[in-house]
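Structure, as structure tokens:
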Amino acid sequence: MAGAVLVFGMARAGRLFALLHRSRGGMELGGILTLAVFLTMVIFAVRRRQVAAWRSTVHVMSAAVVGNGLGIVLIWPFIPEGYAVSLAPMLRDTIAAGAYVAFLSLPMAIGMLWLSRRFGSHSLVTERRLRVIREEWRRRFARQGATEDSTDG
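If you're matching positions, the sequence shown starts at 118 in this note's numbering and goes up one per residue.
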């Protein structure tokens, strides 16, 4: 979890640094990297089947909230003197807002994670369904091949 916080915080810091210096390309790249890191965290949470869905969800959301705060701390030395902001209130508000949103979306996120584990690509339901679909395709292609062979002769 500490690694997820660090990587997410660095991605957020990169985007915030680009925002601070008004670099459109840097902001877009930072946004893409932030999304990629978040999706990687979600993928790892889905793949950790030995951990309960609610616990994995809390880990991902906590890593995102704390990583966001870490991103602010990482760019703080680069903020010019003319900006009338202080670190403590900004950090407090960022973490409070992130925790509030995480708390409100927690039931839906837990449900989605549970569903992805239950009916995802490695569940018995989807594996059986894929097997049934493959068998049907084989039968159809075998019939088409036999029909084409009989019409050629």
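Just so you know, even glycine gets a beta-carbon here, dropped at the ideal spot from N, CA and C.
Enclosing alpha helix (DSSP H) for Glu145 [first to last residue]: 141-164
First and last residue of the uninterrupted alpha helix (DSSP H) at Trp171: 170-192
Span separating the alpha-carbon of Ala214 from that of Ala180: 14 Å
Cβ neighbours of Val177 in the same chain (closer than 7 Å, five flanking residues each side left out): Met158, Val159, Ala162
Beta-carbon spacing of Ile189, Met207 below 8 Å: yes
Nonlocal neighbours in the same chain, by C-beta distance under 7 Å from Ser173, ignoring five residues either side: Ala162, Arg165, Leu230
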